[in-house]
Amino acid sequence: MGKGWRRRKDREAASLPQKTEVSSSAGNRGINIWRPDPRVEIPSSVARQMQAQGLRLPPNADVITKGAVSGSMIPPDVSLGRWRGLQPENPMDIQARILMRKGKKTWVCMGTSPDSCGLAPWNEEGIDEWIGLNDAHQLAFMHMDKITRWCQVHQKWRYIRKNPRYDIDHWAWLQKKHPFPIYMQRHDPEVPSSVPIPLREISERFLAGRYTRGIAYQRILEMGSTFSYIIPMAIMAGAQRIEFYGVELAQEVEYMEQRPSTEFWMGVAGAHGVEIHIPKATRVLKSNFYGYDHPKPETAEQVKLLEDNVGEWNSYPDMNEELSKQIIFPGNWPRAAEEWHGRYGEPAPSAIAR
Amino acid sequence: MYIFEKAFQIATTVVKNIEGRAADGGGSLPYLISMAIAAGPGDHCEIGTLFGASAISVAMAKKEWGFPGKVYCIDPYIPRDGVATNPKADIAPELLGGTPESLAANAVKFGVHDRIVLMHAKSQPFPPPLINNRFVSAYIDGDHLGSMPWWDFLELSRRTDHYIAFDNFEDSYPAVVAAGLRAITTGDWALFYKNTSFVALRKTNPSPDRFGQEREQV
């Protein structure tokens with residue numbers, strides 16, 4: 231054995247503790263232990279009543295909403311199980327959407343639904359604008375360095391409140407200067423990046439004189455969600471393609487009030503020649519094929535009478551033929567690899583010259 | 161080579177002398193120690209501690225290399241409901257017997273009690289004293305089921321500068337596997353190395369801008 235080995239063993243013997251008996255009295259005095267105060271959970275409805283009556287909430291109170299993990303970054307009104315299945319987008323779909331963007335001024339609109347926010351194309355090419363909303367700046371999947379516009383369309387009482395479900399302060403974030411505009415109802419001097427939503431222009435361009443209810447033309451119609459402002463602003467800014475990720479509008483209020491409005495504006499965008507892209511999993515723009523395929527037969531006799539009218543539509547070419555040639559489906563991988571090696575397999579001429 | 165050799169020695173010492181048991185028989189400890197040393201000086205955070213084999217190993221390694229930094233352990237010491245009866249949660253019953261006292265006793269025994277801080281709380285919500293902490297490395301070995309591995313990653317990813325590891329990245333724990341794969345697809349973390357059930361991710365986007373909290377004023 232060399233001296234190096236012995237020196238190393240000596241060093242180990244000096245540095246590593248040997249097996250020693252520890253008296254039971256060591257207990258937990260040996261390390262620092264932090265324990266949270268016992269918390270009291272107060273339902274949000276009770277908390278609201280207490281506040282209305284001028285009663286102060288106890289300092290150790292957690293105001294909880296159904297399904298919430300108090301203090302967590304996870305929104306309480308999202309069923310916890312829905313966060314499980316977040317998968318990256320299928321490689322074929324990624325290829326397709328990159329090809330579809332070519333030559334088009336593309337906006338990406340980020341919602342916060344866990345069902346599809348994970349599919350966002352953060353690292354893909356061909357995107358001109360990224361727009362986010364509300365207090366989503368603190369959610370883990372957001373890449374704030376990519377954001378070029380932001381929307382906070384609520385009233386001030388709502389955006390200055392401290393939302394107990396998050397551990398950062400949305401109001402403090404709004405009060406900072408950001409390198410992108412924050413669209414709000416009006417310029418708020420306390421929000422240096424705030425820019426008014428061009429509501430009058432939106433109304434005049436898309437709504438005025440087109441829709442009536444009762445005796446009056448509707449000036450403000452179908453402004454049911456933040457996306458109802460984003461989509462017309464995108465059209466006016468010259469967007470040719472708008473992609474939506476994390477936009478599900480599947481919670482109760484969203485489903486009843488916000489989704490129809492968003493779909494209305496998606497339709498308006500389509501009518502103005504703007505492509506709308508949503509991931510396969512997204513629930514908006516997804517209705518039953520009424521009449522042809524829905525309602526479904528209920529009895530065995532009715533099943534026998536079922537006509538296969540939908541069959542004609544299965545053969546209808548959904549995908550642009552040119553696009554389908556460009557996408558490298560698994561069956562075409564060998565050909566693609568061969569082409570790639572044919573083109574790039576030889577050393578570059580400059581390398582040969584050297 | 162020296163790092164891994166030394167890590168192996170520390171792991172062996174811990175496994176042989178710890179009161180209680182090391183998870184996975186200590187098979188992941190050398191990799192964890194190597195990762196913590198690669199992360200350099202600074203604090204380490206782990207979720208899921210039990211008897212403290214991993215926390216003590218990292219603390220000993222930091223001491224050995226002369227790195228400043230503490231090891232923050234987050235563990236409520238509450239056995240997960242049904243864990244003993246869940247066939248997929250292949251956990252030895254004796255592993256469930258860890259207590260803060262057993263961790264403290266082990267820390268004293270290995271001479272690293274001054275480097276270990278126990279947050280005797282659940283990881284959700286994240287313990288308030290650690291909300292503004294920065295860690296150089298972190299280790300996720302808490303609740304392996306449902307969304308919890310992913311939530312633990314979310315909490316740690318916003319506070320960790322270099323490496324995050326998952327234990328039990330294996331078929332028996334699909335939620336851990338799913339969380340690890342999703343972590344890689346965020347674009348900010350890359351697979352650094354993987355042992356049989358231990359996977360370490362390295363931060364590739366060190367921007368503090370990630371959550372808009374430290375954005376430079378323009």
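Protein chains in written order, with my numbering: chain A, 231 to 584; chain B, 161 to 378. The beta-carbon is built from N, C-alpha and C at its ideal position, and this holds for glycine as well. These figures come from a predicted structure and were not determined experimentally.
Do residue j and residue i have their beta-carbon atoms positioned less than 7 Å apart in this structure?
| i | j | result |
| --- | --- | --- |
| ALA201/B | GLY229/B | It should be noted that the sequence gives Pro, not Ala, for residue 201/B. Yes, these two residues count as a Cβ contact at 7 Å. |
| ILE557/A | GLN325/A | yes |
| THR588/A | VAL383/A | Summary: the structure shown does not reach residue 588/A, with chain A confined to residues 231 through 584, and so no result is reported for it. |
| SER357/B | ASP312/B | no |
| ILE506/A | TYR459/A | no |
| TYR232/B | VAL272/B | no |
| PHE352/B | ARG342/B | no |
| SER343/A | GLU452/A | no |
| ALA298/B | ILE324/B | yes |
| ILE300/B | PHE329/B | no |
| ALA199/B | ARG275/B | no |
| TYR475/A | SER346/A | yes |
| GLY260/A | ALA183/B | no |
| ARG278/A | ASP292/A | no |
| ILE390/A | TRP403/A | no |
| TRP380/A | ILE412/A | yes |
| LYS332/A | ARG471/A | no |
| TRP337/A | ALA464/A | yes |
| SER424/A | LYS407/A | no |
How many angstroms separate the CA atom of residue i from the CA atom of residue j?
| i | j | result |
| --- | --- | --- |
| LEU263/B | GLY212/B | 5 Å |
| ALA469/A | ILE216/B | 56 Å |
| ASN320/A | LEU305/B | 25 Å |
| MET374/A | HIS367/A | 7 Å |
| GLY257/B | GLY208/B | 13 Å |
| PRO266/A | PRO288/A | 15 Å |
| SER347/B | MET340/A | Note that residue 347/B corresponds to Gly in the displayed sequence, not to Ser. Approximately 17 Å between the Cα atoms of the pair. |
| ASN177/B | LYS269/B | 9 Å |
| MET372/A | LEU314/B | 12 Å |
| MET280/A | ASP358/A | 47 Å |
| SER214/B | ASP323/A | 42 Å |
| ASN262/A | ILE291/B | 17 Å |
| GLY444/A | ALA338/B | 54 Å |
| PHE519/A | GLY362/A | 32 Å |
| GLN385/A | PHE227/B | 50 Å |
| SER433/A | HIS502/A | 15 Å |
| GLU271/A | ARG318/B | 27 Å |
| MET466/A | GLU431/A | 9 Å |
| ASN290/A | ALA438/A | 52 Å |
| TRP352/A | THR345/B | 10 Å |
| GLY187/B | LYS222/B | 19 Å |
If distances are taken between C-alpha atoms only, which option among the options comes closest to residue i?
| i | options | result |
| --- | --- | --- |
| ALA167/B | ILE193/B, ASP184/B, ALA183/B, PRO334/B | ILE193/B |
| GLY185/B | ASP331/B, THR346/B, THR172/B, ILE207/B | THR172/B |
| VAL127/B | LYS176/B, ALA196/B, ILE178/B, VAL175/B | Residue 127/B cannot be examined here, being either before or after the span of chain B that is shown, 161 to 378. |
| THR378/A | GLN385/A, MET463/A, GLY333/A, PRO409/A | PRO409/A |
| GLY497/A | LEU429/A, TYR522/A, ILE461/A | ILE461/A |
| PRO334/B | LYS363/B, ARG362/B, PRO309/B, GLU165/B | PRO309/B |
| GLY302/B | ASN365/B, TYR162/B, PHE286/B | PHE286/B |
| VAL514/A | LEU535/A, ALA480/A, PRO527/A | ALA480/A |
| TRP264/A | ALA221/B, PRO289/B, ASP321/B, ALA350/B | PRO289/B |
| GLY454/A | THR442/A, TYR441/A, GLU487/A, LEU437/A | GLU487/A |
| VAL421/A | GLN405/A, PHE474/A, GLY333/A, ARG278/A | GLN405/A |
| LEU316/B | TYR237/B, ARG294/B, LEU189/B | ARG294/B |
| LYS516/A | ARG286/A, LYS376/A, LYS534/A, PHE494/A | PHE494/A |
| GLU552/A | ASN262/A, ASN290/A, MET330/A, LYS392/A | MET330/A |
| HIS280/B | GLN169/B, ASP235/B, ASN365/B | ASP235/B |
| TYR191/B | VAL175/B, LEU210/B, ARG181/B, PHE164/B | PHE164/B |
| TYR321/B | ASP331/B, HIS204/B, ASN355/B | The sequence given here places Asp at residue 321/B; Tyr does not occur at that position. The shortest C-alpha separation from ASP321/B is found at HIS204/B. |
| SER307/B | ARG318/B, ARG319/B, ASP331/B, VAL336/B | VAL336/B |
| GLU537/A | ASP523/A, ALA530/A, ASN550/A, GLY356/A | ASP523/A |
| ASP399/A | GLU431/A, GLY348/A, ASP365/A | ASP365/A |
From the DSSP secondary-structure annotation, give me the bridge partner or partners of residue i.
| i | result |
| --- | --- |
| MET414/A | PRO426/A |
| LEU285/A | BP columns for LEU285/A are empty, so no partner. |
| TRP337/A | GLU359/A, ILE472/A |
| ASN262/A | VAL277/B |
| TRP380/A | GLY362/A, ILE412/A |
| VAL231/B | HIS204/B, ILE276/B |
| VAL268/B | In the DSSP output, where bridge partners are listed per residue, VAL268/B has none listed. |
| LEU404/A | Paired residue(s): none; LEU404/A is not in a bridge. |
| VAL359/B | PHE326/B, LYS354/B |
Handout entry: Where the stretch 344-368 of chain A meets chain D: residues whose CB sits under 9 Å from a CB there
Key = No chain D appears in the structure shown, which is made up of the protein chains A and B.
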